[in-house]
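In what follows, a single structure is set out as structure tokens and then discussed.
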Amino acid sequence: MSGTEDIDDSSAPLIEHLAELRTRLIRSVLALVAGITICFIPIGGDFIAVHILNFLLAPIEASLRALGDPSPTLQYTSPQEYLFTLFRISMVFGFAMAFPVIAFQMWRFVAPGLYKNEKGAFLPFLVASPFMFFLGATFAHFVVTPLAMSFFLGFADVSSIFANLLSGAAPELPADAAVVPETQEGIKVTFFGKVNESLDITLKFILAFGLCFQLPVLLTLMGKAGLVSADGLGSVRKYAMVGILVLAALVTPPDVVTQLILFTVVYGLYEVSIFLVRRVETKREAELRADGYYDDDEEEFDDPLMKEFDEDEDDEKAAK
395 MSGTEDIDDS
405 SAPLIEHLAE
415 LRTRLIRSVL
425 ALVAGITICF
435 IPIGGDFIAV
445 HILNFLLAPI
455 EASLRALGDP
465 SPTLQYTSPQ
475 EYLFTLFRIS
485 MVFGFAMAFP
495 VIAFQMWRFV
505 APGLYKNEKG
515 AFLPFLVASP
525 FMFFLGATFA
535 HFVVTPLAMS
545 FFLGFADVSS
555 IFANLLSGAA
565 PELPADAAVV
575 PETQEGIKVT
585 FFGKVNESLD
595 ITLKFILAFG
605 LCFQLPVLLT
615 LMGKAGLVSA
625 DGLGSVRKYA
635 MVGILVLAAL
645 VTPPDVVTQL
655 ILFTVVYGLY
665 EVSIFLVRRV
675 ETKREAELRA
685 DGYYDDDEEE
695 FDDPLMKEFD
705 EDEDDEKAAK
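Residue numbers 395 to 714, in my numbering, belong to the letters of the sequence shown in order.
In structure tokens, the structure reads:
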């Protein structure tokens with residue numbers, strides 16, 4: 395009977411933890427659903443998701459206008475494509491809006507199992523991570539994406555057929571009629587961008603740079619856990635530079651300017667990470683000194699076993 399009672403007593407906390415986890419997950423899902431629903435609230439005649447889509451596609455519009463297109467246009471080729479694009483946007487930005495609630499629910503689930511000093515160490519990283527992701531996403535949207543779009547679209551000869559609207563319109567047609575200009579030979583290569591593919595490029599840049607900007611948060615957390623050290627990170631600088639160059643070549647277009655920007659930013663974040671890890675180590679050393687575990691006087695750190703080992707070594711050398 396005692397064995398059965400022990401099993402019952404040990405299973406009760408597990409059931410309580412599972413019930414707590416279920417409650418936190420349900421609240422997180424409800425917050426996500428609320429964020430998605432907000433994106434489909436109509437404002438100014440369009441859903442909020444439509445305004446977000448226009449904001450994300452602004453670099454493409456600017457690039458097309460700079461290349462001579464007076465009426466930048468994107469298309470969708472299937473009936474459901476535009477709706478699915480809006481839903482995709484609502485998922486991403488709904489999660490962004492719901493993240494504070496989701497993070498709070500995660501914290502409430504994990505915090506009871508942490509010591510007070512562990513809570514104080516973990517909480518700043520929970521705040522810094524979304525901030526750094528937002529900073530990286532902002533940098534990607536306002537700096538990297540316009541450069542990439544100018545590079546990609548720069549290969550097109552007059553980016554859209556609408557660039558020839560005025561010169562190709564017949565005199566007897568209305569002024570706003572779009573007419574395809576005639577060509578005597580060859581094939582005219584123009585840009586007819588798809589909504590989902592153009593959005594995909596923008597979101598990839600945002601995700602890539604958002605994750606790259608997590609580097610100081612990740613390395614500082616690893617340094618606080620004792621997994622990396624400032625000296626260790628400094629000793630592998632040359633390997634880090636090669637890795638960052640490879641990353642820049644993979645996530646950016648074959649444009650030297652864009653790759654140089656990404657390399658400079660990520661390597662700068664790597665150096666910032668070394669500085670932050672060194673500060674963590676200095677603070678930890680100061681705390682150990684205050685608690686009496688660390689002292690500059692080497693005599694107080696004499697280990698009897700090591701002292702005996704050294705004496706044996708000296709005797710062996712003397713014997714030889």
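For every residue, glycine included, the Cβ atom is placed at its ideal position computed from N, Cα and C.
With contacts defined as CB atoms closer than 8 Å, Gly-530 and Phe-586 fail to qualify as a contacting pair.
The Cβ atoms of Leu-663 and Phe-607 lie closer than 8 Å to each other. About 6 Å separates the CB atoms of Val-589 and Tyr-476; that is less than 8 Å, so the two are in contact. The continuous alpha helix (DSSP H) containing Gly-488 extends over residues 475 to 504. With respect to the 8 Å criterion, Met-485 and Ile-446 are not classified as neighbours on the basis of their beta carbons. Put simply, the backbone Cα of Glu-665 is about 29 Å away from that of Met-543. Within the stretch 623 to 670, the runs of alpha helix (DSSP H) that reach at least 4 residues and sit entirely inside it are, in chain order, 624 to 629 and 631 to 645. Per the DSSP secondary-structure output, Gln-469 pairs in a beta bridge with Lys-588.
Going by DSSP, Ile-435 is part of no alpha helix (DSSP H) at all; its letter is neither H nor E. Separation of the CB atoms of Thr-596 and Leu-415 is rounded to 35 Å, and the pair is thereby denied contact status at 8 Å. Distances from the alpha-carbon of Asp-594 to those of His-535, Gly-548 and Leu-641 put His-535 closest. For the pair Glu-681 and Leu-468, the Cα-to-Cα distance works out to about 59 Å.
The C-alpha of Ala-619 is placed about 14 Å away from the C-alpha of Glu-679. For the pair Pro-610 and Leu-656, the CB atoms are not nearer than the 8 Å cut-off. Residue environment analysis places Ala-684 among the exposed positions, since fewer than 16 neighbouring C-beta atoms fall within 10 angstroms of its C-beta. If you draw a straight line from the Cα of Leu-644 to the Cα of Val-423, it is about 34 Å long. By the criterion of a C-beta distance shorter than 8 Å, Leu-547 is surrounded in its chain by Ile-454, Ser-457, Leu-458, Leu-461, Ser-553 and Phe-585, once the five residues flanking it on both sides are discounted. Annotation for Phe-545: the continuous alpha helix (DSSP H) segment containing it runs 539 to 547. Here Pro-466 is buried: its Cβ has 16 or more other Cβ atoms, across all protein chains shown, within 10 Å. Taken through DSSP and simplified to helix, strand or coil, Gly-617 comes out as helix. Per DSSP, reduced to three states, the secondary structure at Leu-612 is helical.
Judged by DSSP in its simplified three-state form, Phe-607 adopts coil rather than helix or strand. By the C-beta density criterion, Gln-474 is exposed, having fewer than 16 other C-beta atoms within 10 angstroms.
In the DSSP annotation of this structure, the continuous segment of the alpha helix (DSSP H) that includes His-445 starts and ends at 442 to 450. CA-CA distance, Trp-501 to Pro-540, rounds to 37 Å. Here the alpha carbon of Ile-600 sits roughly 35 Å from the alpha carbon of Leu-412. Here Thr-417 is exposed, its C-beta having fewer than 16 other C-beta atoms within 10 Å. At least 8 Å separates the beta-carbon of Ser-667 from that of Leu-615.
The alpha-carbon separation between Val-427 and Arg-421 amounts to approximately 10 Å.
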